[in-house]
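A.B. asks: Below is one structure. I have some questions about it.
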Amino acid sequence: MKRDEFRLISGFVSMRGWGRAATSALLMALLAACSVEPTYKRPDVDTPAAFKEAPGVTAATAQQTGTWKSAEPNDDALRGAWWKVFGDSQLDALEDEAAAANQDLKAAAARVQQARAVTQAAKSDWFPKLDAGFGPTRERASAASQFQPDSAGGTTGTIWRAQVGASYEADLFGRVGSNVNASRADEQQSEALFRSVQLSLQADVAQNYFQLRELDTDQDLYRRTVALREDTLKLVERRFREGDISELDLSRARNELASARADAVGVARQRAASEHSLAILLGKPPADFSFAEAPLAPMTVRVPAGLPSALLERRPDIAAAERAMQAANARVGLAKSAFFPKLDITGAFGFESATLGDLFMWSSRAFILGPFAGTALTLPLFDGGRRKANLAQARSKYDEDVAQYRQQVLVAFREVEDNLADLRLLDDQMREQNNAVDASQRAAHLSRTQYTEGAVSYLDVIDGERQVLLSQLQASHLAGTQAVATVNLIRALGGGWGEVRAEGGAAVGATSGPAEASGTSGTAVATAVTSQPTASGAMATSTASASASALAAQQQMAKR
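In this text, residue positions in the sequence shown follow the UniProt record's numbering: the first is 1, and each later residue adds one.
Below is the structure:
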């Protein structure tokens, strides 16, 4: 062959190769265009312009509504170590331990891997299936298949075969594509649920930690109360010996001391249970975990709530509900594709021979191609209404997921409003409770002084001391409630914000999420929430000073 002829033929073959590639690409595009899957559109959700319970928001602004912008959920953005805003190194260490060893979190991660494997399995339907076989078969061919009369009878023999089979489903109406889309949405949902478990774990660790510290504060209160009542009992015993009082006052003093000791044991029991719960969150047996006692430390945390519309992008549970809708939409397309023809291309090529020695000779080559083992275009005609029922079920499932998504959004708004209201009202309640602590301490001091002088009965002393203890315990409870409510607000916001500052400190854990803006218009509203340090700080200070002053006063009375 001449060189020019060779070039001409080579160019022709090359053009034919490009033609095949272009034809294949065009065919794939046409097949994709034939998909019967409905176009997915995220449902609109009406959102208020601002959270009603946020500081500085007017009623008119809160009643303004808008529609959620068309944007992908941002639940996969890094939230950062939001708990560092509390400035507690012990809490930081607990969060790190929980992230590394919590079993629920590991189970959620395993579910993500399962969903990814399911997606990969669904994608495999886009590719041909190949298999190979080798071995003998004993066969008897009928006379009719050999074009012989019935009287000739059939022939029986052993056939050796070595062949490669191939099968491929042309995705004419998007059955495979819809299945892949549904699997992808399920995978994304599992990832969102993982982040939801992760956020819940972080919040649970912080809440358990603050509850433990609240109980530590209560234990400290009871220790001081027991010490105070022990000194009071000594005073009463001395006055009884001197004949100044009756045995009734002595019995009452002993009862008050025993009651305080019993209540202290009850608090210790609650603390042990709380410590055990924290150990489980850290992935440890309770026997291997103990936590040193320390009262709840003062704190001030400002958490910007942001815009209500941004909540739809941050919360992982809302993202999971949205991905469930997307998966249900894809399964509607999967159910619709069952009404249309299905094209399966199958075949086999190899060798067959009556003897093993001749099996791989060129003359032994064989292939199978036909309606049942080749190119088969099947069209469903009647199935008793099964396909129609499956489609109705898929559409109903989508409607259910839409309703659940909108309900989840409403629940999310309620949770944010609840915690904003909690923090705002707890601030007022804590201020009044601190006033109550001061007043009860003053009343108790006066009752002790007057009792020493014989102006009042011992019942007045008992009542005064009880009121001090109750008011201090209530202040301790409010401090713990404020800390827990702050964590609940962060959980309700999806664990992310633009910037969070500890009071008097630098920015902590700046993360994704819209930055807060100021103003009262419907476009942006400032939302700053304070977890009051007075809840724990003033309580702890007033409790310590009250107990110390009360103890000092009692000692002075004992000296008299």
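Just so it is clear, CB atoms sit at the ideal spot from N, CA and C, and this is done for glycine as well.
A quick note: this is a predicted structure, and the numbers were derived from the prediction, not measured.
Determine the burial state of Val180: buried for a count of at least 16 other Cβ atoms within 10 Å of its Cβ, exposed for fewer.
C.D. replies: Within the sequence shown, numbered from 1, the residue matching residue 180 stands at position 180. By the neighbour-count rule (16 or more Cβ atoms within 10 Å), Val180 is buried.
A.B. asks: Pick from Lys84, Leu105 and Arg138: whose alpha carbon is nearest that of Thr355?
C.D. replies: Here residue 355 corresponds to residue number 355 of the sequence shown, with the count starting at 1. Out of Lys84, Leu105 and Arg138, Arg138 has the C-alpha closest to the C-alpha of Thr355.
A.B. asks: Given that a residue counts as buried once 16 or more other Cβ atoms are within 10 Å of its Cβ, and exposed if not, what is Thr155?
C.D. replies: The residue labelled residue 155 in the question sits at position 155 within the sequence shown. So Thr155 ends up on the exposed side.
A.B. asks: Please report the distance separating the alpha-carbon of Pro308 from that of Thr47.
C.D. replies: Taking the first residue of the sequence shown as 1, we reach residue 308 at position 308. Taking the first residue of the sequence shown as 1, we reach residue 47 at position 47. When rounded, the distance between both Cα atoms is 6 Å.
A.B. asks: Looking at C-alpha atoms only, which residue of Gly333, Ala436, Asn435 and Glu453 is the closest neighbour of Arg395?
C.D. replies: Counted from its first residue, the sequence shown places residue 395 at position 395. Ranking Gly333, Ala436, Asn435 and Glu453 by Cα distance to Arg395 puts Gly333 first.
A.B. asks: Less than 8 Å between the C-beta atoms of Gln198 and Leu105, yes or no?
C.D. replies: Looking up residue 198 in the sequence shown gives position 198. Looking up residue 105 in the sequence shown gives position 105. Yes, they are a contact pair.
A.B. asks: Taking one C-beta from the region 338 to 346 and one from the region 222 to 232 each time, how about it: are there three or more such pairs within less than 8 Å?
C.D. replies: Counting Cβ pairs under 8 Å, fewer than three are found: no touch.
A.B. asks: Would you kindly report the start and end of the unbroken beta strand (DSSP E) that includes Gly80?
C.D. replies: For the purposes of this step, residue 80 is taken as the residue at position 80 of the sequence shown. Neither: Gly80 is in no beta strand (DSSP E) and is coded neither H nor E.
A.B. asks: Is the CB-CB distance between Ala182 and Arg331 below 8 Å?
C.D. replies: Here residue 182 is taken as the residue at index 182 of the sequence shown, counted from 1. Here residue 331 is taken as the residue at index 331 of the sequence shown, counted from 1. Closer than 8 Å, so yes.
A.B. asks: So what's Arg140 in DSSP terms, helix, strand or just coil?
C.D. replies: Start at 1 with the first residue of the sequence shown, and residue 140 comes out as number 140. Looking at Arg140 - three-state DSSP - the assignment turns out to be strand.
A.B. asks: Suppose you measure from the CA of Arg323 to the CA of Ser89; what does that come to, to the nearest Å?
C.D. replies: Here residue 323 refers to the residue found at position 323 when the sequence shown is read from its first residue. Here residue 89 refers to the residue found at position 89 when the sequence shown is read from its first residue. Each residue's Cα considered, the two are about 37 Å apart.
A.B. asks: Could you round the C-beta distance between Asp317 and Ser196 to whole angstroms and report it? I think they count as a contact, below 8 Å.
C.D. replies: Residue numbering aside, residue 317 sits at position 317 when the sequence shown is read from its first letter. Residue numbering aside, residue 196 sits at position 196 when the sequence shown is read from its first letter. That belief holds up - the Cβ atoms of Asp317 and Ser196 are roughly 5 Å apart, short of 8 Å.
A.B. asks: Answer with buried or exposed for Phe134, where buried requires no fewer than 16 other C-beta atoms within 10 angstroms of its C-beta.
C.D. replies: The residue you call residue 134 lines up with position 134 of the sequence shown. Looking at its Cβ environment, which holds fewer than 16 other Cβ atoms inside 10 Å, Phe134 is exposed.
A.B. asks: Measuring straight from C-alpha to C-alpha, what distance separates Thr378 and Met325?
C.D. replies: Taking the sequence shown and counting its residues from 1, the one referred to as residue 378 is at position 378. Taking the sequence shown and counting its residues from 1, the one referred to as residue 325 is at position 325. If I take the Cα positions, the gap works out to 31 Å.
A.B. asks: Is the distance from the Cβ of residue 582 to the Cβ of Val205 below 8 Å?
C.D. replies: In this structure the chain extends from 1 to 560, so residue 582 is not present and cannot be described.
A.B. asks: Are Phe382 and Ala366 close, meaning C-beta to C-beta below 8 Å?
C.D. replies: Residue numbering aside, residue 382 sits at position 382 when the sequence shown is read from its first letter. Residue numbering aside, residue 366 sits at position 366 when the sequence shown is read from its first letter. Not in contact: Phe382 and Ala366 (Cβ atoms no closer than 8 Å).
A.B. asks: Taking the DSSP output, what are the residues bridged to Pro308?
C.D. replies: In the sequence shown, the residue the question calls residue 308 occupies position 308. Note: Pro308 sits in no beta bridge, so no partner.
A.B. asks: Which of the three DSSP states, helix, strand or coil, is assigned to Arg271?
C.D. replies: Sequence index remark: in the sequence shown, residue 271 carries index 271 (1-based). Residue state, collapsed to three classes: helix.
A.B. asks: Among all the DSSP beta bridges, which residues are the ones paired with Glu352?
C.D. replies: In the sequence shown, residue 352 corresponds to position 352, counting from 1. According to DSSP, which records beta bridges pairwise, Glu352 is partnered with Arg161.
A.B. asks: When the Cα of Gln188 is compared with those of Ser178, Ala321, Ala81 and Ala107, which residue comes out closest?
C.D. replies: The count along the sequence shown starts at 1 and reaches residue 188 at position 188. Answer by Cα proximity: Ala321.
A.B. asks: Can you tell which of Gly495, Arg261 and Gly454 has the C-alpha that lies nearest to the C-alpha of Val236?
C.D. replies: Sequence index remark: in the sequence shown, residue 236 carries index 236 (1-based). Cα-wise, what sits closest to Val236 is Gly454.
A.B. asks: Can you look up Ile245 in the DSSP assignment and give me helix, strand or coil?
C.D. replies: Here residue 245 refers to the residue found at position 245 when the sequence shown is read from its first residue. Coil at Ile245, not helix or strand.
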